[in-house]
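*Asks:* As you go down the protein sequences, you meet chains A and B in turn.
Sequence positions in the first sequence follow my numbering and run 1 to 291.
Sequence positions in the second sequence follow my numbering and run 1001 to 1279.
Dropping a structure here in structure tokens format, bear with me for questions.
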Amino acid sequence: SLTDKLQGVFDKLARQGKLTEADVNAAMREVRLALLEADVNYKVVKDFVARVRERAVGREVMESLTPAQQVVKIVNEELIELLGKPAPLNLSGQTPHVLMLVGLQGSGKTTMAAKLALRLRKSGQRPILVAADIYRPAAIQQLEILGKQIDVPVHSEGTSVPAATIAKNAVRLAREKAYTTVILDTAGRLQIDDQMMQELEQVRMVTRPSEILLIVDAMTGQEAVHVAEGFNQRVALTGLIMTKIDGDARGGAALSVRQVTGVPIKFLGTGEKLPDIEPFQPDRLAGRILG
Amino acid sequence: IFQANEITDELWEELEETLILGDVGVPVAQELVERTQKRVERENIKATRDAYLILQQEMVRILTPAEPMRIDDPRLLTIVLVVGVNGSGKTTTIGKMAHWYKNRGRKVVLGAADTFRAAAIDQLKIWGERAGVDIIAHEPGADPGAVVFDAVRASQESRQADLLIVDTAGRLQTKYNLMQELEKIKRVAAKQVHRAPHEVFLVLDASTGQNAISQAKSFKDSAGVTGIILTKLDGTSKGGAVLSINHELGVPVRFVGTGEQIADFAEFDPVAFVEGLVG
Ligand SMILES: Nc1nc2c(ncn2[C@@H]2O[C@H](COP(=O)(O)OP(=O)(O)OP(=O)(O)O)[C@@H](O)[C@H]2O)c(=O)[nH]1
Ligand SMILES: Nc1nc2c(ncn2[C@@H]2O[C@H](COP(=O)(O)OP(=O)(O)OP(=O)(O)O)[C@@H](O)[C@H]2O)c(=O)[nH]1
Ligand SMILES: [Mg+2]
Ligand SMILES: [Mg+2]
Chain A
1 SLTDKLQGVF DKLARQGKLT EADVNAAMRE VRLALLEADV NYKVVKDFVA RVRERAVGRE
61 VMESLTPAQQ VVKIVNEELI ELLGKPAPLN LSGQTPHVLM LVGLQGSGKT TMAAKLALRL
121 RKSGQRPILV AADIYRPAAI QQLEILGKQI DVPVHSEGTS VPAATIAKNA VRLAREKAYT
181 TVILDTAGRL QIDDQMMQEL EQVRMVTRPS EILLIVDAMT GQEAVHVAEG FNQRVALTGL
241 IMTKIDGDAR GGAALSVRQV TGVPIKFLGT GEKLPDIEPF QPDRLAGRIL G
Chain B
1001 IFQANEITDE LWEELEETLI LGDVGVPVAQ ELVERTQKRV ERENIKATRD AYLILQQEMV
1061 RILTPAEPMR IDDPRLLTIV LVVGVNGSGK TTTIGKMAHW YKNRGRKVVL GAADTFRAAA
1121 IDQLKIWGER AGVDIIAHEP GADPGAVVFD AVRASQESRQ ADLLIVDTAG RLQTKYNLMQ
1181 ELEKIKRVAA KQVHRAPHEV FLVLDASTGQ NAISQAKSFK DSAGVTGIIL TKLDGTSKGG
1241 AVLSINHELG VPVRFVGTGE QIADFAEFDP VAFVEGLVG
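So this is what it looks like as structure tokens:
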């Protein structure tokens, strides 16, 4: 663990009451390695380590802690602060509220759409799912099967109607039938695919979502920063959801994406089944990223 | 970035940064930079461009497979098992692979052994239609081993296939019972056909970071992975984790996925790949 590695570093240096610059430099090397191993973006790590170094040099080592533990404490606090406070879904204003899920191919959007629908239904809302992925083979069937499993209706119009039209019709239907929440499942896409990003802008324009949620796979590596930037520039994101956190991926992409977009992390996907969703908790994710 | 023609100390940090940004990972990045430094010294290299070429050579050396694929060996029926974590691109890749091998004269059959995920069988059926190949499937919820058994027998008997490609459900490598299920699927194939499965491809999303190594290790232990198919290389991620996978585990990349259409599939070219990473 990071604490063990830092312990090794500090054993070689003299024990002092305060963390010296030499202590901190040696420790920062280990912190940098741990964060890169956890898939935090190279440039984000650089800024982060610089900030931690500033807070650590000259800092008193608390009575109850070893110097190594003191550094880990500072790193952990800084991580938790950066990851940000948990934030609920924005369901304010007139219904129906529209939640739009976006992200790369295979990140877990369709599953997360159903997970959110189940969660909302259990908390007294009346959600409707929208099959706006007109490209992936059997995408509509996938969402329909999930909708049936949780007793939430699915609006679909086949694969020949544009996604924006499907979404717009779904919102109108929701208004007519008094659904409280419209959950738009969109097709996976690359942030560099201009045509597909235009489609997303169109969907956003005709549905005016109260939430645009970027779905990010916990195992995403260095490019998480560019992916998030790309989506954020075309459709202003309001939240992040990290999926597949039930594996052993450290999830450093969460820090990178949060850092570069400033958008709050709202939920975590913790398994393949529809109840497997948890609200984001910064201290748990921080511990995981640190390893 | 300051572009010197003569090698300076900044170059080594620049190379390491480029590799890490490409998801190569710190240990292998450092090793590659060290190897490059040693050769630059030994071979009296002066120009930055030549240092880059040496780095690329060292990377190609790691990525070049030691042996050809078994899928091309002459035999009555070749069985290929496709495995990997959730959403990596397995089902789509199988559609592409079916098309690829059908165009090369093979008689291909697909086995729909993902009986768990919603509409997984429907999805593979559509790919089978696009590729023009038969699919053996049961109902959702059926035992994947039973599907494999059926697919093998149908390939041998009614379909006269010489290549069976089996789709499996996505699974995170940390889930013990799911990894056990893969071992069971392998045993079913092995009982029916000598030395089957002849190829086990781990489908790996190019945007995956260092967790790719943990995936490769676990799937190698449980499923006996013989090759990697690197998908979504049409995105901005470079897929550098395959360098560690080759370096540590000796598992080579065999194919790449470069899009969502049936023809977005190609044999792995180490030189082109390396140029994309550090060109
Ligand atoms: N273990 C685990 N698997 C998940 C989680 N979320 C989604 N999955 C699985 O990941 C795979 C991909 O999920 P999808 O919901 O189809 O992903 P998607 O983003 O809609 O994919 P595209 O529409 O093709 O872009 C499926 O096998 C899901 O069951 C999670 O939190 N944990
Ligand atoms: N851009 C791009 N997308 C790809 C590529 N390969 C697969 N995809 C997309 O990735 C998503 C997931 O693909 P699947 O084939 O369903 O992945 P899977 O591994 O079978 O998923 P599970 O069975 O749920 O584990 C789909 O949207 C595919 O179209 C690729 O090479 N490039
Ligand atoms: Mg989907
Ligand atoms: Mg699949």
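Backbone N, C-alpha and C fix where the C-beta goes; we use that ideal spot for every residue, glycine too.
Excluding the five sequence neighbours on either side, which residues of its own chain have a C-beta within less than 8 Å of the C-beta of B:GLY1128, listed in chain order?
*Replies:* The residue labelled residue 1128 of chain B in the question sits at position 128 within the second sequence. So the list reads GLY1095, ALA1098, LEU1110, ASP1134, ILE1135, once near-sequence residues are dropped.
*Asks:* For A:TYR42, is the classification buried or exposed, using 16 other Cβ atoms within 10 angstroms of its Cβ as the cut-off for buried?
*Replies:* Position 42 of the first sequence, counted from the start, is the residue given in the question as residue 42 of chain A. So A:TYR42 ends up on the buried side.
*Asks:* For the region 1193–1226 of chain B, which residues have a beta carbon sitting closer than 7 Å to at least one beta carbon of chain A?
*Replies:* Within the region 1193–1226 of chain B, the residues whose Cβ lies closer than 7 Å to some Cβ of chain A are ASP1205, SER1207, THR1208, GLY1209, GLN1210, ASN1211, SER1214, listed in chain order.
*Asks:* Since A:ASP39 meets chain B, which of its residues come closer than 7 Å, beta carbon to beta carbon?
*Replies:* For the purposes of this step, residue 39 of chain A is identified with residue 39 of the first sequence, where counting begins at 1. Here the neighbours are GLY1209, GLN1210.
*Asks:* Using the Cα positions of A:MET219 and A:VAL75, report the straight-line distance between them to the nearest angstrom.
*Replies:* The residue given as residue 219 of chain A occupies position 219 in the first sequence. The residue given as residue 75 of chain A occupies position 75 in the first sequence. Whole-angstrom Cα-Cα distance: 22 Å.
*Asks:* Would you give the residue range spanned by the beta strand (DSSP E) that A:MET242 belongs to?
*Replies:* If you number the first sequence from 1, residue 242 of chain A lands on position 242. Element bounds for A:MET242: 239–243.
*Asks:* Take A:ALA87 and list the residues in its own chain whose beta-carbon comes closer than 6 Å to its own, dropping the five residues that flank it on each side.
*Replies:* Mapped onto the first sequence, residue 87 of chain A falls at position 87. Cβ neighbours of A:ALA87 beyond the five flanking positions: PRO264, LYS266.
*Asks:* Determine the closest residue to B:PHE1201 out of B:PRO1270, B:ALA1137, B:PHE1255, with distance taken between C-alpha atoms.
*Replies:* Numbered from its first residue, the second sequence carries residue 1201 of chain B at position 201. Minimum Cα distance to B:PHE1201 is reached at B:PHE1255.
*Asks:* Would you say B:VAL1109 reaches chain A, if we count a Cβ-Cβ gap shorter than 8 Å as a contact?
*Replies:* Taking the second sequence and counting its residues from 1, one reaches residue 1109 of chain B at position 109. Not an interface residue.
*Asks:* Should B:PHE1002 be labelled buried (16 or more other beta-carbon atoms within 10 Å of its own) or exposed?
*Replies:* Along the second sequence, read from residue 1 onward, the residue named residue 1002 of chain B stands at position 2. Model confidence at B:PHE1002 stands at a pLDDT of 49, short of 50, so the residue's coordinates are unreliable; what they give is reported in the following sentence. B:PHE1002 should be labelled exposed.
*Asks:* On a Cα-Cα basis, can you pick out the residue from A:THR181, A:ARG175, A:VAL171 that is closest to A:MET205?
*Replies:* By 1-based counting over the first sequence, the position of residue 205 of chain A is 205. Selected option, being the one with the closest Cα: A:VAL171.
*Asks:* Would A:LEU184 and A:VAL154 be called neighbours here (beta carbons separated by less than 8 Å)?
*Replies:* Your numbering for residue 184 of chain A matches position 184 in the first sequence. Your numbering for residue 154 of chain A matches position 154 in the first sequence. Taking 8 Å as the Cβ cut-off, A:LEU184 and A:VAL154 do not qualify as a contacting pair.
*Asks:* Distance check for B:LYS1191 and A:ASP11, CA to CA, integer angstroms please.
*Replies:* Here the question's residue 11 of chain A lines up with position 11 in the first sequence. Here the question's residue 1191 of chain B lines up with position 191 in the second sequence. One C-alpha to the other measures close to 56 Å.
*Asks:* I'd like to know if A:GLN105 contacts chain B, where contact means its C-beta is closer than 8 Å to some C-beta of that chain.
*Replies:* Position 105 of the first sequence, counting from 1, holds the residue named residue 105 of chain A. Chain B, which has a Cβ nearer than 8 Å to the Cβ of A:GLN105, makes this yes.
*Asks:* Roughly how many angstroms lie between the CA atoms of B:HIS1247 and B:ILE1062, to the nearest whole one?
*Replies:* For the purposes of this step, residue 1247 of chain B is taken as the residue at position 247 of the second sequence. For the purposes of this step, residue 1062 of chain B is taken as the residue at position 62 of the second sequence. Roughly 6 Å separates the two Cα atoms.
*Asks:* Examine chain A for any beta-carbon lying closer than 8 Å to the beta-carbon of B:GLN1030, and answer yes or no.
*Replies:* As a working mapping, residue 1030 of chain B is identified with position 30 in the second sequence. So no, B:GLN1030 is outside the interface.
*Asks:* Comparing the C-beta of B:LYS1232 with each C-beta of chain A, is any distance below 8 Å?
*Replies:* As a position in the second sequence, residue 1232 of chain B is number 232, starting the count at 1. It does: the Cβ of B:LYS1232 has a partner Cβ on chain A nearer than 8 Å.
*Asks:* Around ligand 4, which residues pass a check of Cβ closer than 5 Å to any of its heavy atoms?
*Replies:* The answer, residue by residue, is B:LYS1090, B:THR1091.
*Asks:* With a cut-off of 8 Å, does the C-beta of B:ILE1001 fall near any C-beta of chain A?
*Replies:* In the second sequence, the residue the question calls residue 1001 of chain B occupies position 1. Low local confidence applies: a pLDDT of 48 at B:ILE1001 is under 50, so the model's placement there is unreliable, with the coordinate-based value given in what follows. Not closer than 8 Å to any Cβ of chain A, the Cβ of B:ILE1001 fails to qualify, so no.
*Asks:* For A:LEU240 and B:ILE1126, I'd like the C-alpha separation in whole angstroms.
*Replies:* As a working mapping, residue 240 of chain A is identified with position 240 in the first sequence. As a working mapping, residue 1126 of chain B is identified with position 126 in the second sequence. So the two alpha carbons sit approximately 32 Å from each other.
*Asks:* When you compare the region 1080–1088 of chain B with the region 1167–1183 of chain B, are there three or more beta-carbon pairs, one atom per stretch, that lie closer than 8 Å?
*Replies:* Taking 8 Å as the limit for Cβ pairs, the verdict is that the region 1167–1183 of chain B does touch the region 1080–1088 of chain B.
*Asks:* Which chain A residues are close to B:LEU1053, counting only those with a beta carbon under 9 Å from its beta carbon?
*Replies:* Position 53 of the second sequence, counting from 1, holds the residue named residue 1053 of chain B. Near B:LEU1053 there are no residues of chain A at all, since even the closest Cβ is about 24 Å away, more than 9 Å.
*Asks:* Could you name the residues of the same chain whose beta carbon sits closer than 7 Å to that of A:VAL130, not counting the 5 residues immediately before and after it, in chain order?
*Replies:* Here residue 130 of chain A is taken as the residue at index 130 of the first sequence, counted from 1. Excluding residues within five positions, the ones whose Cβ falls inside 7 Å are HIS155, ILE166, ALA167, ALA170, VAL182, ILE183, LEU184, ASP185.
*Asks:* Around the Cβ of A:ARG306, are there at least 16 other Cβ atoms within 10 angstroms (buried) or fewer (exposed)?
*Replies:* An answer regarding residue 306 of chain A cannot be provided, because it is not within the stretch 1 to 291 covered by chain A.
*Asks:* Please list the partners that A:HIS226 has in chain B, where partner means a Cβ-to-Cβ separation under 8 Å.
*Replies:* For the purposes of this step, residue 226 of chain A is taken as residue 226 along the first sequence, with counting starting at 1. Per Cβ cutoff of 8 Å: THR1236.
*Asks:* To the nearest angstrom, how far is it from the Cα of A:VAL102 to the Cα of A:ALA34?
*Replies:* Translated into the one-based positions of the first sequence, residue 102 of chain A becomes position 102. Translated into the one-based positions of the first sequence, residue 34 of chain A becomes position 34. Rounded to the nearest angstrom, the two C-alpha atoms are 29 Å apart.
*Asks:* Go to B:HIS1247, then tell me how far its alpha helix (DSSP H) extends in each direction, as first and last residue.
*Replies:* Counting from one through the second sequence, the residue named residue 1247 of chain B turns up at place 247. 1241–1249 is the extent of the alpha helix (DSSP H) around B:HIS1247.
*Asks:* Does the distance between the C-beta of A:ASP185 and the nearest non-hydrogen atom of ligand 3 fall short of 7 Å?
*Replies:* Here residue 185 of chain A is taken as the residue at index 185 of the first sequence, counted from 1. Because some heavy atom of ligand 3 lies under 7 Å away, the Cβ of A:ASP185 counts as near it: yes.
*Asks:* Whole angstroms are fine: how far does the CA of B:ILE1121 sit from the CA of A:LEU104?
*Replies:* Counting from 1 along the first sequence, the entry for residue 104 of chain A is found at position 104. Counting from 1 along the second sequence, the entry for residue 1121 of chain B is found at position 121. C-alpha separation (whole angstroms): 22 Å.
*Asks:* Below 8 Å CB to CB, which residues in the same chain sit around A:PRO275 once its five sequence neighbours on both sides are set aside?
*Replies:* Locating residue 275 of chain A in the first sequence gives position 275, where the first residue counts as 1. If we look at A:PRO275 and ignore the five residues flanking it on each side, its Cβ neighbours are LYS115, LEU118.
*Asks:* Rounding to the nearest angstrom, what Cα-Cα distance links A:GLN69 and A:LEU19 in this structure?
*Replies:* Within the first sequence, residue 69 of chain A is the residue found at index 69, counting from 1. Within the first sequence, residue 19 of chain A is the residue found at index 19, counting from 1. For A:GLN69 and A:LEU19, the distance between alpha carbons rounds to 11 Å.
*Asks:* Under 8 Å, Cβ to Cβ, is there at least one residue of chain A near B:VAL1026?
*Replies:* Position 26 of the second sequence, counted from the first residue, corresponds to residue 1026 of chain B. Yes, its Cβ sits closer than 8 Å to a Cβ of chain A.
*Asks:* Please name the residues in the region 1097–1128 of chain B whose beta-carbon is closer than 9 Å to at least one beta-carbon of chain A, in chain order.
*Replies:* Listed in sequence order: PHE1116, ARG1117, ALA1118, ALA1119, ALA1120, ILE1121, ASP1122, GLN1123, LEU1124, LYS1125, ILE1126, TRP1127.
*Asks:* Any chance the CB of A:ASP133 is under 7 Å from a heavy atom of ligand 6?
*Replies:* Absent from the structure shown: ligand 6. Ligands present: ligand 1, ligand 2, ligand 3 and ligand 4.
*Asks:* Do you know offhand how far B:HIS1194's Cα is from B:ALA1223's?
*Replies:* As a working mapping, residue 1194 of chain B is identified with position 194 in the second sequence. As a working mapping, residue 1223 of chain B is identified with position 223 in the second sequence. Roughly 16 Å separates the two Cα atoms.
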